[in-house]
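Listed in order, the protein sequences are those of chains U and X. Residue 1 is where the first sequence starts when you use UniProt numbering, and the numbers rise one by one after that. Residue 1 is where the second sequence starts when you use UniProt numbering, and the numbers rise one by one after that.
2 protein chains.
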Amino acid sequence: MTTDHPGNPPAERPPGRPRSQEADLAILSAALDLLIEQGAAQLSIEQVARRAGVTRATVYRRFADKTALLVRTLQWANHDQDPAFTGWRDVEHMLGDWAAYLAVPRHRRLLRRLYGSADDYPELVGAYRTVNGGRRAAMVRETLGRARAAGLLPQEVDVEVVERILTGAVLYEVGLEADREDAEAIKAHFIDVIRQIGYRADHITFHSAK
Amino acid sequence: MTTDHPGNPPAERPPGRPRSQEADLAILSAALDLLIEQGAAQLSIEQVARRAGVTRATVYRRFADKTALLVRTLQWANHDQDPAFTGWRDVEHMLGDWAAYLAVPRHRRLLRRLYGSADDYPELVGAYRTVNGGRRAAMVRETLGRARAAGLLPQEVDVEVVERILTGAVLYEVGLEADREDAEAIKAHFIDVIRQIGYRADHITFHSAK
Numbered sequence: 001m002t003t004d005h006p007g008n009p010p011a012e013r014p015p016g017r018p019r020s021q022e023a024d025l026a027i028l029s030a031a032l033d034l035l036i037e038q039g040a041a042q043l044s045i046e047q048v049a050r051r052a053g054v055t056r057a058t059v060y061r062r063f064a065d066k067t068a069l070l071v072r073t074l075q076w077a078n079h080d081q082d083p084a085f086t087g088w089r090d091v092e093h094m095l096g097d098w099a100a101y102l103a104v105p106r107h108r109r110l111l112r113r114l115y116g117s118a119d120d121y122p123e124l125v126g127a128y129r130t131v132n133g134g135r136r137a138a139m140v141r142e143t144l145g146r147a148r149a150a151g152l153l154p155q156e157v158d159v160e161v162v163e164r165i166l167t168g169a170v171l172y173e174v175g176l177e178a179d180r181e182d183a184e185a186i187k188a189h190f191i192d193v194i195r196q197i198g199y200r201a202d203h204i205t206f207h208s209a210k
Numbered sequence: 001m002t003t004d005h006p007g008n009p010p011a012e013r014p015p016g017r018p019r020s021q022e023a024d025l026a027i028l029s030a031a032l033d034l035l036i037e038q039g040a041a042q043l044s045i046e047q048v049a050r051r052a053g054v055t056r057a058t059v060y061r062r063f064a065d066k067t068a069l070l071v072r073t074l075q076w077a078n079h080d081q082d083p084a085f086t087g088w089r090d091v092e093h094m095l096g097d098w099a100a101y102l103a104v105p106r107h108r109r110l111l112r113r114l115y116g117s118a119d120d121y122p123e124l125v126g127a128y129r130t131v132n133g134g135r136r137a138a139m140v141r142e143t144l145g146r147a148r149a150a151g152l153l154p155q156e157v158d159v160e161v162v163e164r165i166l167t168g169a170v171l172y173e174v175g176l177e178a179d180r181e182d183a184e185a186i187k188a189h190f191i192d193v194i195r196q197i198g199y200r201a202d203h204i205t206f207h208s209a210k
């Protein structure tokens, strides 16, 4: 998952004068907004420059092309989301965290834009997965493994497959459900899913009872 | 799921002279190809006309705008896929059928294009879901219900939620797995998923053993 209001400038760039950092932030912020609003195919460096209030040359001094700009934008949007975050307390905390993220319409839209750009801009999906896929997927599996060890999931479940199932549930929610800003309703959908896998916790039943 | 080589002209249009039907088919076929190749946002009536070997006026006589053309294209691509089809024999038949469909790269690409066009062209996703969603989802639930009745799925599973889980597994396969044309490997992924829900059939274990 991403956050789109990180506070720090992009990494891998020596700190410049304040004016230069301001331009960096303005460009990345404009690029993220336009990616969400229009998608990668429709977005142009021209538009990003205009929205950021800088010249095209200022953008091109930093990024060779649109793909390089968007890859950096995704890295930036994800980079500082919560450096201290080391995992979720439990399955409910994890699913509630996802639901809160997905209750923000522009987050859902960003995920749809990325999914839809896989054929034309594979680098974007690659950048997103590098940031979110590796470490995050490992934390999901770790959370599921603890639930299994605690007897909340059947002993025979394969946490790698369950991680894929939950990611599929996110894709279903984002792509096939009408956008909703009710995090509790979204979480209830995820709880319904994991209960089919045999997840059992008494206080969960209360939330997802039909 | 769709097929992209239907043989019949679009419905809701009285049969015209053969030349006119030829133009219909050429336009819809060109529109489907361009939708898959480029996505809805990049596609233009101009391109469709050129690809179909007709004038823009010929396209506009039939379709008010791009959205109307693409909605009809999706209806056409799905319309005659198999009118005699009333359902799958069993869960394995169903998942094998999906896997065979998804082993065709242009089918995966079409699904990604639709997913990514949800914000700009909601009518397209709507048209696809009208064709595929209602009847097909009911057949999926029916197939799952029979498996449950036969003791192949736990009695407590909710077939509506399992249908969503399997659709999520399709979205995962199409969006997050590298494109693969090996239907058996894709089917094994789906079998892995449904086994987490407690699906048990001895002859399945053979296919999906790790």
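By construction, the Cβ of each residue, glycine as well, lies at the ideal position given by its N, Cα and C atoms.
Assuming X/Thr86 is part of the alpha helix (DSSP H), what are its boundary residues?
Annotation: X/Thr86 is outside any alpha helix (DSSP H) and is labelled neither H nor E by DSSP.
Give the interface partners of U/Asp119 over in chain X, defined as CB-CB distance under 7 angstroms, in chain order.
What U/Asp119 touches in chain X, judged by beta-carbon distance under 7 angstroms, is Arg109 and Arg112, going in chain order.
So with Cβ pairs under 9 angstroms, would you call X/Gly134 a contact of chain U?
The beta-carbon of X/Gly134 is placed no less than 9 angstroms from the nearest beta-carbon of chain U.
Could you tell me which of X/Gln21, X/Ala118, X/Ala52 and X/Ala64 sits nearest to U/Leu176, measuring between CA atoms?
Nearest Cα to U/Leu176 within the set X/Gln21, X/Ala118, X/Ala52 and X/Ala64: X/Ala118.
Whole runs of the alpha helix (DSSP H) within the stretch 43–121 of chain X, excluding any shorter than 4 residues:
As far as the stretch 43–121 of chain X is concerned, its whole alpha helix (DSSP H) runs of at least 4 residues are 45–52, 56–62, 66–79, 91–102 and 105–116.
Below 9 angstroms between beta carbons: does that hold for X/Leu171 and X/Phe190?
No, Cβ-Cβ distance for X/Leu171 and X/Phe190 is not below 9 angstroms.
Quick check on U/Thr73: buried or exposed, where buried means 16 or more other Cβ atoms within 10 Å of its Cβ?
The residue in question, U/Thr73, is buried, as its Cβ has 16 or more Cβ neighbours within 10 Å.
May I ask you to report which of helix, strand or coil DSSP gives X/Tyr199?
Per DSSP, reduced to three states, the secondary structure at X/Tyr199 is coil, with no helix or strand assignment.
List, in chain order, every chain X residue whose beta-carbon is nearer than 7 angstroms to that of U/Thr58.
The premise fails here: U/Thr58 is roughly 27 angstroms from chain X at the closest Cβ pair, so nothing lies under 7 angstroms.
Residues of the stretch 135–163 of chain X whose Cβ lies closer than 7 angstroms to any Cβ of chain U, in chain order
Cβ contacts with chain U come from Val157, Asp158, Val161 and Val162.
Under 9 angstroms by beta carbon: chain U residues contacting X/Leu74:
Here the premise fails: no neighbours, minimum Cβ distance about 16 angstroms.
Starting from X/Glu160 and walking both ways along the alpha helix (DSSP H), at which residues does that stretch end?
Unbroken alpha helix (DSSP H) run through X/Glu160: Val159 to Leu176.
Which chain U residues sit within Cβ distance under 7 angstroms of X/Ile197?
Scanning chain U for C-beta atoms nearer than 7 angstroms to the C-beta of X/Ile197 yields Gln196 and Ile197, reported in chain order.
Candidates U/Arg180, U/Asp65 and U/Gly198, of which the one nearest residue 271 of chain U by Cα
Coverage of chain U is limited to positions 1 through 210, which leaves residue 271 of chain U absent and any answer about it impossible.
Helix, strand or coil for X/Ile204, going by three-state DSSP, please let me know.
Here the model assigns X/Ile204 a pLDDT of 47, short of 50, so the residue's position is not dependable and the matter cannot be decided.
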